[in-house]
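*Asks:* Take this structure first; my questions come after.
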Amino acid sequence: MKAFRVEVRVMPRATLLDPQGRAVEHALHALGFDEVTAVRIGKHLVLDVTAPSKDEAAARARAMCDRLLANPVTEDYSVLVEAA
Amino acid sequence: MRRVAVVVFPGSNCDADTLHAARAAGCEAYVVWHRERDLGQADVVILPGGFSYGDYLRSGAIARFSPVMAAVAEHARAGGQLLGICNGFQILCEAGLLPGALMRNAGLRFLSRPVSVRVEATDTPFTCLYERGEVLELPIAHGDGRYAADPRTAAELEAGGQVVWRYVRDNPNGSTNDIAGICNAGRNVVGIMPHPERRIAPVLGGQDGARLFLSMEAGHATQHAVGVRAVGDRHPGV
């Protein structure tokens, strides 16, 4: 077994209203960052895991996302695995 | 007398009010801790409001994996009556027992105030003593109350008459189609964001929520008793 660091990015689906992102976008505009055209806010989870291989670690992480870490109704996720 | 199980999760905070409301309606209500695996031959199961597991990750996301939830899902699968109020509604959506999801209020603020909702469906175990189109005043208390469903799911809910309550005059959280509560296709599983248990007596500011709990008993009477029981001057609608 090897140690891996799994980074999971969970984002609200683009078609759904993200009120947090919109509030931050407004705040950035108020600070003069007029170049910002959209902000969306999601979650970043960092998991330390052990697995026989990088592929297996990624497959397990996707299973975790499907069951718990992301809501399939409202969120999309991506998984990044690196050797720890 | 219906046996009503009120499930308590770590962070539930409306369990005592819900228990009281069910008892006031004549039910035999009792508490079931979330680590239990047995619902005690419940006729009705209620998941109360609160902040189970601190709303960590997503509201209801962790509670849905509590040991008791296998029995709750089995109860629903067998056609048993199941109600989720506020956080309970969030848990039912996370568990896939109701479609859609509850997301952060469009205005971001936590909202705690009375709202007006219209009863859209009276053919559920929890609304049979209301009249269709009746407008109720019930309090909300939520930060993640925006019911969201994709257009196809929303259309199915509308076509199937599964929207049970709808906000009128003012949609407090930006929910899809002004939805405040829904039921499943089988109509035995119901979720509502406002708090009917907080409006069951004039001393609480109103009693528009009382008939939800009386409906549980009345539906039972219709099914099992010889005569249909009247509550006040109203007769059960089913």
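Sequences listed follow chains R and G, in order. Number 225 in the numbering used here belongs to position 84 of the first sequence; there are no gaps in the numbering. Number 163 in the numbering used here belongs to position 27 of the second sequence; there are no gaps in the numbering. Backbone N, C-alpha and C fix where the C-beta goes; we use that ideal spot for every residue, glycine too. Remember, it's a predicted structure, so these values are computed and weren't measured experimentally.
#1: Should G/Arg240 be flagged as near chain R, meaning a C-beta pair shorter than 8 Å?
#2: List in chain order: all unbroken alpha helix (DSSP H) runs of 4+ residues lying wholly within the region 192 to 278 of chain G.
#3: Between G/Ala231, G/Val140, G/Ala212 and G/Asp280, which has its C-alpha nearest G/Ser202's C-alpha?
#4: Tell me, please, whether the CB atom of R/Val180 is closer than 8 Å to any CB atom in chain G?
#5: Closest to G/Ala321 by CA distance: which of G/Glu333, G/Met329 and G/Ala291 is it?
#6: For a cutoff of 8 Å on Cβ pairs, would you count R/Thr191 as touching chain G?
#7: Under a CB-based cut-off of 8 Å, is R/Leu157 close to chain G?
#8: Give every residue of the same chain whose Cβ lies closer than 7 Å to the Cβ of G/Val167, excluding the five residues on either side of it in the sequence, and list them in chain order.
#9: Count the CB pairs spanning the region 157 to 176 of chain G and the region 235 to 247 of chain G that are closer than 8 Å, and state whether there are at least three.
#10: With 16 as the cutoff for other CB atoms within 10 Å, does G/Tyr192 come out buried or exposed?
#11: Confirm, please, whether the CB-CB distance from R/Arg150 to R/Glu223 is below 8 Å.
#12: Which residues of chain G have a Cβ atom closer than 7 Å to the Cβ of R/Ala164, listed in chain order?
#13: From the DSSP output, read off the bridge partner residues of G/Gly327.
#14: So, G/Ile176 versus G/Asn324, is the Cβ gap smaller than 8 Å?
#15: What do you reckon, are the CB atoms on G/Phe349 and G/Ala161 nearer than 8 Å?
#16: Got a sec? Which residues, its chain only, sit under 6 Å from G/Gly363 by beta carbon, not counting five neighbours each side?
#17: What in chain R is Cβ-close to G/Ala316, meaning under 8 Å?
#18: Within the 8 Å Cβ cut-off, does G/Gly310 reach chain R?
#19: Name the chain R residues whose beta carbon is nearer than 8 Å to that of G/Ala131?
#20: Give me the Cα-Cα distance between G/Met329 and G/Gly317, rounded to the nearest whole angstrom.
*Replies:* Based on what the coordinates show:
#1: yes
#2: 204 to 213 and 223 to 230
#3: G/Ala231
#4: For R/Val180, the answer is no, since every Cβ of chain G falls outside 8 Å of its Cβ.
#5: G/Ala291
#6: Taking Cβ atoms only, chain G never reaches closer than 8 Å to R/Thr191, which makes this a no.
#7: yes
#8: Val142, Val144, Asp151 and Leu155
#9: no
#10: exposed
#11: no
#12: Leu244
#13: G/Gly220 and G/Ile318
#14: For clarity, residue 176 of chain G is Gly in the given sequence; the question names Ile instead. Taking 8 Å as the Cβ cut-off, G/Gly176 and G/Asn324 do not qualify as a contacting pair.
#15: In this structure, G/Phe349 sits near G/Ala161, with a CB-CB distance shorter than 8 Å.
#16: In this predicted model, G/Gly363 has a pLDDT of only 35, less than 50, meaning its place in the structure is not dependable; the value taken from the coordinates is given anyway. Hits under 6 Å: none found.
#17: Ordered by position in chain R, no residue passes the 8 Å Cβ test against G/Ala316, which lies about 17 Å from the chain.
#18: Against chain R, the CB of G/Gly310 has a partner CB under 8 Å away; the residue lies at that interface.
#19: Since the first residue shown for chain G is 137 and the last is 374, residue 131 of chain G is missing from the structure and cannot be characterised.
#20: Going from the Cα of G/Met329 to the Cα of G/Gly317 covers about 6 Å.
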